[in-house]
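What follows is one structure encoded as structure tokens, with my remarks underneath.
2 protein chains.
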Amino acid sequence: MITVLTGGTGGAKFVWGLAQIVPPEDLTVILNTGDDLTWWGLHVSPDLDSVMYALAGKLSSDRGWGYDDDSFRCLERMRNLGGESWFQLGDLDLATHLRRTQLLDLGKTLTEATAELCRAMNVKQRLLPMSNDPMRTIVVTPDGDLTFQEYFVRERWKPTVADVKFQGEEAAATSPGVLESIVRADLVLIAPSNPITSIGPILAVPGVRDALRCTTAQVAAVSPIVGGGAVTGPAGEMLKMRAFSVSPAGVADAYRDFLDVLIADSQDESNRQEIESKKVQAAFTNTIMKSDDDKIALAKFALAAVAREAAR
Amino acid sequence: MITVLTGGTGGAKFVWGLAQIVPPEDLTVILNTGDDLTWWGLHVSPDLDSVMYALAGKLSSDRGWGYDDDSFRCLERMRNLGGESWFQLGDLDLATHLRRTQLLDLGKTLTEATAELCRAMNVKQRLLPMSNDPMRTIVVTPDGDLTFQEYFVRERWKPTVADVKFQGEEAAATSPGVLESIVRADLVLIAPSNPITSIGPILAVPGVRDALRCTTAQVAAVSPIVGGGAVTGPAGEMLKMRAFSVSPAGVADAYRDFLDVLIADSQDESNRQEIESKKVQAAFTNTIMKSDDDKIALAKFALAAVAREAAR
Numbered sequence: 000m001i002t003v004l005t006g007g008t009g010g011a012k013f014v015w016g017l018a019q020i021v022p023p024e025d026l027t028v029i030l031n032t033g034d035d036l037t038w039w040g041l042h043v044s045p046d047l048d049s050v051m052y053a054l055a056g057k058l059s060s061d062r063g064w065g066y067d068d069d070s071f072r073c074l075e076r077m078r079n080l081g082g083e084s085w086f087q088l089g090d091l092d093l094a095t096h097l098r099r100t101q102l103l104d105l106g107k108t109l110t111e112a113t114a115e116l117c118r119a120m121n122v123k124q125r126l127l128p129m130s131n132d133p134m135r136t137i138v139v140t141p142d143g144d145l146t147f148q149e150y151f152v153r154e155r156w157k158p159t160v161a162d163v164k165f166q167g168e169e170a171a172a173t174s175p176g177v178l179e180s181i182v183r184a185d186l187v188l189i190a191p192s193n194p195i196t197s198i199g200p201i202l203a204v205p206g207v208r209d210a211l212r213c214t215t216a217q218v219a220a221v222s223p224i225v226g227g228g229a230v231t232g233p234a235g236e237m238l239k240m241r242a243f244s245v246s247p248a249g250v251a252d253a254y255r256d257f258l259d260v261l262i263a264d265s266q267d268e269s270n271r272q273e274i275e276s277k278k279v280q281a282a283f284t285n286t287i288m289k290s291d292d293d294k295i296a297l298a299k300f301a302l303a304a305v306a307r308e309a310a311r
Numbered sequence: 000m001i002t003v004l005t006g007g008t009g010g011a012k013f014v015w016g017l018a019q020i021v022p023p024e025d026l027t028v029i030l031n032t033g034d035d036l037t038w039w040g041l042h043v044s045p046d047l048d049s050v051m052y053a054l055a056g057k058l059s060s061d062r063g064w065g066y067d068d069d070s071f072r073c074l075e076r077m078r079n080l081g082g083e084s085w086f087q088l089g090d091l092d093l094a095t096h097l098r099r100t101q102l103l104d105l106g107k108t109l110t111e112a113t114a115e116l117c118r119a120m121n122v123k124q125r126l127l128p129m130s131n132d133p134m135r136t137i138v139v140t141p142d143g144d145l146t147f148q149e150y151f152v153r154e155r156w157k158p159t160v161a162d163v164k165f166q167g168e169e170a171a172a173t174s175p176g177v178l179e180s181i182v183r184a185d186l187v188l189i190a191p192s193n194p195i196t197s198i199g200p201i202l203a204v205p206g207v208r209d210a211l212r213c214t215t216a217q218v219a220a221v222s223p224i225v226g227g228g229a230v231t232g233p234a235g236e237m238l239k240m241r242a243f244s245v246s247p248a249g250v251a252d253a254y255r256d257f258l259d260v261l262i263a264d265s266q267d268e269s270n271r272q273e274i275e276s277k278k279v280q281a282a283f284t285n286t287i288m289k290s291d292d293d294k295i296a297l298a299k300f301a302l303a304a305v306a307r308e309a310a311r
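From first to last, the protein sequence lines are chains B and U.
Residue 0 is where the first sequence starts when you use numbering that gives the first Met the number 0, and the numbers rise one by one after that.
Residue 0 is where the second sequence starts when you use numbering that gives the first Met the number 0, and the numbers rise one by one after that.
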């Protein structure tokens, strides 16, 4: 049994790679819902949808987000009608959010709504939102607080980040299955996602960090930092803000209380000593996922690296 | 000042014709909202939208309903996701309902939301929903009650109609401007719409029928019944159910307590005596609106017929 913690677009690629080599019933994916938003009155779960679409073979490969071969006709008219338009929902994508919102309005939890969407899209892996409670990632900037999507999409991650906090953190509970899937896994993988704003919210849900510390499973992460910077997005700046170095060693540091193995890019082999000084095993390979083969190769490498470590 | 009561697709054509010959600031349109529905969690106002789209030059002429040149990609995916799909919302149309719902959620009334949508669509005539309260047309059938759209769209008006009632009728109030626009008009026109389910709900909002009886304006209607049947839809069956004859005279009967002039189709000239026996003046012309010229000619004829009657 493999459990993956993920958020963001790199995570969706990594999970897709795993899904090509692991039977669907053996794969549980715990998803960041800290950057969920209410958009046009609809409940949108960007990270969850990226993984769901990827596993359904419907993630747009052009854009890296949203539904494949989508159009933006409704969005264009919304703009003309005076509606907000900085968050782009395609016509096909829109159906996901309409249906999810409908299911939530019927009283279903986000976990149940996700299961129903996955069934309809023929996604057989188990996708678990980190929480069914509204816990939201807030990016604190010198000009005020922004929701994650305001910061990331509307402001194109240009504002200086003073802090990241999680609104509703104290009241949030893990959704059913999350803690069990960590504690009972044979292997826990942390996708190459932003440690602060993609994985950070999951770790902040009460109980998750403890479960990662207590699980007898090996816990391995793939570094989203390659060659001194993030592959995409603001992970570098976020690590710096939290006083971690912008390197695989910084990622290992962020996860040091529960991490067994860090998989980093071959160009960062010089980091090995620093990573291992944190009692985290280091393994190096190509981590940049350009092609489907890259994604599968990285997934295979991750499984092999952890198996080696477990056998030591 | 001209005030039109309308619902349905014939009404949208008639209002478009009027708008070509009357300055926009002189035209107020009171719209049936009895067949509004909540669809995919959104507030949909089919009759209101048909008129708004017609006046914006965006009503689909192929379909007679919905937005011009629309696509149905979101609908198709909703179907695949297990959502209901018998009521067809196009991708462009969807923006209207998303935006309206958003404005209503912000606390605006349907009147205010309609004004904002009209501004954005450059519709300068005044469009007034009959009520801002949820008054809904219910079609009573031997197999139970149906909402109007369930009866009309989902069941393709096949069920036997035992009765038509208006849920929330007692609690509904006319929206701001409705009664004034009837009482203060120089002319009130009733579009060629179903007297029971398109005009009927407007007449059932407390105060409207009294205002029509009291107004000093001439009140004229265009018969939706031509040659012994409805031009489209179930108006014939509905009239029969209410014990009116399925003829222009039956329409005059349905409106006899406030109607001054009935405009009917030339093929129904034999109805003149029966209409006029109800103290309603009859005027005959081509009322079938196939082309834009037909729509304009009917509008011109209506204004002239009423002017003649007023001068008597």
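Ideal Cβ placement from N, Cα and C applies to all residues, glycine included.
Helix, strand or coil: which one does DSSP assign to Y315(U)?
Nothing in the structure corresponds to residue 315(U), since chain U is present only between 0 and 311.
Going along chain B in order, which residues have a C-beta closer than 9 Å to the C-beta of L258(U)?
One-based indexing of the second sequence puts residue 258(U) at position 259. None at all; the shortest Cβ gap to chain B is about 38 Å.
Just how far apart, CA to CA, sit A190(B) and V138(B)?
The residue you call residue 190(B) lines up with position 191 of the first sequence. The residue you call residue 138(B) lines up with position 139 of the first sequence. Going by the C-alpha atoms only, they are around 22 Å apart.
Considering only residues of the same chain and omitting the five flanking positions on each side of I20(U), which have a CB-CB separation below 8 Å?
Within the second sequence, residue 20(U) is the residue found at index 21, counting from 1. Once the five neighbours on either side are set aside, the close Cβ partners of I20(U) are I295, A298, K299 and L302.
Would you grab the beta carbon distance between I274(U) and P247(U) for me? Rounded to a whole angstrom, and I think it's under 8 Å.
Within the second sequence, numbered from 1, the residue matching residue 274(U) stands at position 275. Within the second sequence, numbered from 1, the residue matching residue 247(U) stands at position 248. About 6 Å; that satisfies the 8 Å criterion.
Which two residues bound the contiguous alpha helix (DSSP H) that contains T95(B)?
What you label residue 95(B) is simply residue 96 of the first sequence in a count that begins at 1. Note, T95(B): alpha helix (DSSP H), D90 to D104.
Looking at the structure shown, is P315(B) part of a helix, part of a strand, or coil, going by DSSP?
As shown, chain B starts at 0 and ends at 311. That puts residue 315(B) outside it, with no answer to give.
DSSP on W15(U), reduced to helix/strand/coil?
In the second sequence, counting from the first residue as 1, residue 15(U) sits at position 16. W15(U): helix per DSSP, three-state reduction.
Mind listing which residues of the segment 77-108 of chain B have their C-beta closer than 8 Å to chain U's C-betas, in chain order?
M77, N79, L80, G81, G82, D90, L91, L93, A94, T95, L97, R98, T100, Q101 and D104
Output needed in chain order: residues of the segment 114-128 of chain B with a Cβ under 9 Å from some Cβ in chain U.
E115, L116, R118, A119 and M120
Quick one: which unbroken beta strand (DSSP E) runs of 3-plus residues sit fully inside the segment 212-250 of chain U? Chain order, please.
217-221
Which of helix, strand or coil does DSSP assign to V163(B)?
Your numbering for residue 163(B) matches position 164 in the first sequence. Strand at V163(B).
Any beta carbon from chain B within less than 8 Å of W64(U)'s own beta carbon?
On the second sequence, residue 64(U) is found 65 positions in, with the first residue counted as 1. Chain B contact via Cβ: absent.
For a contact defined as C-beta to C-beta under 7 Å, what are the partners of R72(U) on chain B?
Numbered from 1 along the second sequence, position 73 holds the residue referred to as residue 72(U). In chain order: S70, D90 and L91.
Check the Cβ of G40(B) against every Cβ in chain U and list those closer than 9 Å, keeping chain order.
In the first sequence, counting from the first residue as 1, residue 40(B) sits at position 41. Going along chain U in sequence order, the residues near G40(B) (Cβ under 9 Å) are G40, L41, L97, T100, Q101 and D104.
For V279(B), name the three-state secondary structure that DSSP assigns.
Translated into positions along the first sequence, residue 279(B) becomes position 280. The answer is coil: DSSP assigns V279(B) none of H, G, I, E or B.
How is the alpha helix (DSSP H) around V50(U) delimited, first residue to last?
On the second sequence, residue 50(U) is found 51 positions in, with the first residue counted as 1. Per DSSP, V50(U) belongs to the alpha helix (DSSP H) from P45 to L54.
How would you label A281(B), buried or exposed, when you count the other beta carbons within 10 angstroms and need 16 or more for buried?
Residue 281(B) sits at position 282 when you count from the first residue of the first sequence. The residue in question, A281(B), is buried, as its Cβ has 16 or more Cβ neighbours within 10 Å.
Label W15(B) either buried or exposed according to how many other C-beta atoms from any shown protein chain fall within 10 Å of its C-beta, with 16 as the threshold for buried.
Sequence index remark: in the first sequence, residue 15(B) carries index 16 (1-based). Under this definition W15(B) is a buried residue.
Going by Cα to Cα distance, which pick from A242(B), S84(B), D68(B) and D104(B) is closest to E75(B)?
Walking along the first sequence from the start, residue 75(B) turns up at place 76. Per the Cα distances, S84(B).
State the start and end residues of the unbroken beta strand (DSSP E) segment that holds A263(B).
As a position in the first sequence, residue 263(B) is number 264, starting the count at 1. From DSSP, the beta strand (DSSP E) with A263(B) extends over V260 to D264.
Which term fits P128(U), buried or exposed, when burial requires 16 or more other beta carbons within 10 angstroms of its beta carbon?
For the purposes of this step, residue 128(U) is taken as the residue at position 129 of the second sequence. P128(U) is buried by the Cβ-count criterion.
Evaluate contact between the segment 233-251 of chain B and the segment 160-172 of chain B, counting only Cβ atoms and requiring at least three cross-stretch pairs below 8 Å.
yes
Would you check if the segment 208-222 of chain B and the segment 139-149 of chain B touch, i.e. whether three or more CB-CB distances between them fall below 8 Å?
no
Taking the C-alpha atoms as reference points, what is the distance between V177(B) and L188(B)?
In the first sequence, the residue the question calls residue 177(B) occupies position 178. In the first sequence, the residue the question calls residue 188(B) occupies position 189. Rounded to whole angstroms, V177(B) to L188(B) spans 14 Å at the Cα level.
Does the contact criterion of 3 or more C-beta pairs under 8 Å hold for the segment 256-274 of chain U versus the segment 45-55 of chain U?
No: fewer than three Cβ pairs fall under 8 Å.
What's the call for D104(B), buried or exposed, on a 16-neighbour Cβ count within 10 Å?
For the purposes of this step, residue 104(B) is identified with residue 105 of the first sequence, where counting begins at 1. With fewer than 16 Cβ atoms within 10 Å of its Cβ, D104(B) is classed as exposed.
As a quick exercise: from V305(U), A219(U) and D34(U), pick the residue whose alpha carbon is nearest that of E149(U).
Position 150 of the second sequence, counting from 1, holds the residue named residue 149(U). With distances taken between Cα atoms, E149(U) lies closest to D34(U).
Tell me whether L80(B) sits in a helix, a strand or coil according to DSSP, three-state version.
Position 81 of the first sequence holds residue 80(B). Three-state DSSP puts L80(B) in coil, outside helix and strand.
When DSSP labels each residue in this structure, what does G9(U) get in the three-state scheme?
Along the second sequence, one-based indexing puts residue 9(U) at 10. Helix.
Enumerate in chain order the residues of its own chain whose CB-to-CB distance from A170(B) is below 7 Å, with the five nearest sequence positions on each side excluded.
Counting from 1 along the first sequence, the entry for residue 170(B) is found at position 171. Closer than 7 Å at the Cβ level, and outside the excluded window around A170(B), lie D132.
Can you tell me whether S290(U) is buried or exposed, with buried defined as 16 or more other CB within 10 angstroms of its CB?
For the purposes of this step, residue 290(U) is taken as residue 291 along the second sequence, with counting starting at 1. The residue is exposed, with fewer than 16 neighbouring Cβ atoms inside 10 Å.
Could you check where the beta strand (DSSP E) with G199(U) kicks off and where it finishes?
Walking along the second sequence from the start, residue 199(U) turns up at place 200. From DSSP, G199(U) is part of no beta strand (DSSP E) but of the alpha helix (DSSP H) over G199 to A203.
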